[in-house]
Amino acid sequence: MAAGLPGGSAVSAPTRETQRETAFQAVPETAFRSAARHWPTGVAVLTVRWAGLEHAKTVSSFATLSLDPPLIGVAVSRRSPLTAAVRAAGRFTVAVLGEHQAALARRFATPGAGRAPGGFTDLPVLDAPTGGPVPAGATAWFDARLHAELPVGDHLLLVGEALAVGEGTGRPLLHHAARYRQLGPELPPTVLPPTELRPTELPPTDPPAQGVGA
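Under the working numbering, residues 386 to 599 are what the sequence shown spells out, in order.
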């Protein structure tokens, strides 16, 4: 219900929903980080070659966003020199690391590794079509043109349109609870006992994942 103010326009009285939202306290960063540790991710290296320098950074916040057009997204700290390099180059490459590349992931996860002059001198590297370095042995890579950049808090979401992709072999490197890990064996299909399900929830096998790449 709107309430009138002298000399002003009508304003809406706070609803129960808005009162409930304002009652929440800000989530502490430590609590947020602790909860996020439970979310397992793959591990990738974001690279770009610009002005004679190779920039690289280990990232876990990578995702495929769209099939048409083929879009990928990766979040990078606004303070990373890599963001300025990607913006200037207008392109970037993402290499999905294999389980044998944990040492490489640690190298480019080190603070300050966003600018890595000479970081690939002792590593076998392939050149993506746009010139971005791809560590040999990566399980997959995406070479992209910068499509958009979106500020998200203290990070920048880089959205790229894939111009070329490639695949390797082997299993991916995983990250969970602040540790690098290997992919475990596939779980057999399971069905919960009928007494625990409604009639519409009786899949014969595990339901397919939803989203791009499923």
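The beta carbon of each residue, even a glycine, is placed where N, CA and C say it ideally should be.
Worksheet entry | Neighbourhood of Ala525 by C-beta, 6 Å cutoff - its chain only, sequence neighbours within 5 removed | Correct list, in chain order: Val481 and Glu552.
Item to complete: Pick out whichever of Leu541, Arg530 and His485 has its Cα sitting closest to the Cα of Ala521.
Response: Ranking Leu541, Arg530 and His485 by Cα distance to Ala521 puts His485 first.
Worksheet item: Between which two residues does the alpha helix (DSSP H) harbouring Ala490 extend?
Response: Note, Ala490: alpha helix (DSSP H), Ala487 to Ala494.
Practice prompt. Using the DSSP secondary-structure output, state which residues sit across from Phe477 in a beta bridge.
Written response: Ala529.
Practice prompt. Out of Ala416, Ala494 and Val544, state which residue places its alpha-carbon closest to the alpha-carbon of Ala441.
Written response: Nearest option by C-alpha distance: Ala494.
Item to complete: Would you mind reading off the limits of the beta strand (DSSP E) that contains Phe447?
Response: Phe447: member of the beta strand (DSSP E) spanning Phe447 to Ser451, first to last residue.
Worksheet item: Can you check whether the CB of Thr468 is closer than 8 Å to the CB of Gly517?
Response: Taking the C-beta atoms as reference points, Thr468 is found no nearer than 8 Å to Gly517.
Worksheet entry | Test item: CB-CB of Leu543 and Gly437 under 8 Å | When the beta-carbon positions are compared, Leu543 and Gly437 stay at least 8 Å from each other.
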